[in-house]
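Undergrad:
In the working numbering, the protein residues as written are 463 to 823.
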């Protein structure tokens, strides 16, 4: 039978979010109902509310979530009732051209639930990133559920569902940071600081955090940065070169998503270095740089989408490392809040006063 729970929706562009009853249908053959235990507040949810993704209102917000599988469809074999899972928005299909070429992290046909969750009056909801987890329960495809060690704190494990994985993967998967590398991270919010943490995990010898906010630079130091640069007071490119023997960094992660910071990243790398863009630009942004500089510097220019992760490979690995005390994922949880506090948490995201607010149910 369908069931009614409380969920946080965005009804219209720029309107405050609302906590309302929503209806969870019976799962389809490959769908599961997950009882949400925790869900991080990500900037992407703010963008949904503000109409920056698309106009398919109303949205059921929330996507960085962990919880317990409660009900499964008739053909589900990937998870079972009672499993502790982190939700993901890259449930790879295994059949598209990216998957068949051995690059499933680029999957072009990821799975979502076969049915829509609705408002009480039957209006279909669009779940954020196909998840919609600012709710007591949510409906997803079975492959959107990744089993991890149930000893993990749901508020911590759930953050791998988006921002933390994006930053970690930008450094480890996309950037290929390795032992002894020099790394610079421009922009030290949640995603950038996760890249700092990933660079430390990979064995980088020098990790340079760049931001204009002293508080964010302190966060970065706590997560493994060996040096910090206040971008408001010095030339970033020169400062990175000064800290890397005059050469520039082997890998530069740009976690802001603006033309001026991307240009800094480009010139702050070594001649054969790698730039990874993980910050999300807006459609109107343009880059004007000499083409000859792209030709003459070599190296690689990459973009990281979800940190080029494979949830089934990466989520359990990072949860295990956290439980072993080798990956301080818990430091990203700035505050724990209730479902009714999401709008205030969005304000904190805009103000940059938190790494992550986490809704705990």
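Note that beta-carbon positions come from the ideal geometry of N, C-alpha and C, so glycine has one too.
Express the C-alpha separation of residue 625 and residue 692 in angstroms, rounding to a whole number.
TA: 23 Å
Undergrad: Can you give me the C-alpha to C-alpha distance between residue 582 and residue 510, rounded to a whole angstrom?
TA: 21 Å
Undergrad: Specify whether the segment 772-790 and the segment 610-619 touch according to this definition: at least 3 beta carbon pairs, one from each stretch, less than 8 Å apart.
TA: yes
Undergrad: Hey, how far is the Cα of residue 700 from the Cα of residue 806?
TA: Using only the alpha carbons, I get a separation of about 39 Å.
Undergrad: Within the same chain, show all residues whose beta-carbon is closer than 6 Å to that of residue 545, passing over the 5 residues directly before and after it, in chain order.
TA: 531, 609
Undergrad: For a quick check, are the C-beta atoms of residue 538 and residue 492 less than 9 Å apart?
TA: yes
Undergrad: Rounded to a whole number of angstroms, what is the C-alpha to C-alpha distance between residue 507 and residue 695?
TA: 32 Å
Undergrad: Check this for me: beta carbons of residue 525 and residue 595, under 9 Å apart or not?
TA: yes
Undergrad: Roughly how many whole angstroms lie between the Cα atoms of residue 681 and residue 463?
TA: 46 Å
Undergrad: Confirm, please, whether the CB-CB distance from residue 820 to residue 795 is below 9 Å.
TA: yes
Undergrad: Are there any heavy atoms of the ligand HEM lying less than 8 Å away from the beta-carbon of residue 576, as far as the coordinates show?
TA: The ligand content of the structure shown is nil, which means the ligand HEM is not present either.
Undergrad: With a cut-off of 8 Å, do at least 3 Cβ pairs link the segment 549-560 to the segment 640-657?
TA: These segments do not touch.
Undergrad: Taking residue 586 as the reference, give the member of 473, 730, 815 with the closest Cα.
TA: The candidate whose alpha carbon is nearest that of residue 586 is 473.
Undergrad: Taking only three categories from DSSP, how would you classify residue 569?
TA: coil
Undergrad: With DSSP collapsed to three states, give me the class of residue 481.
TA: Note: residue 481 maps to strand in three-state DSSP.
Undergrad: Which residue comes first and which comes last in the alpha helix (DSSP H) that contains residue 546?
TA: Run containing residue 546: none in the alpha helix (DSSP H); it sits in the beta strand (DSSP E), 546-549.
Undergrad: Please classify residue 635 as buried or exposed, where buried requires at least 16 other C-beta atoms within 10 Å of its C-beta.
TA: buried
Undergrad: Go ahead and label residue 788 buried or exposed: buried means 16 or more other beta carbons lie within 10 angstroms of its beta carbon, across all protein chains shown.
TA: exposed
Undergrad: Taking the continuous beta strand (DSSP E) assigned at residue 501, which residues delimit it?
TA: 493-502
Undergrad: Ignore the nearest five residues each way along the sequence and tell me which others in residue 822's own chain have a CB closer than 8 Å to its CB.
TA: 499, 500, 616, 617, 798, 799, 800
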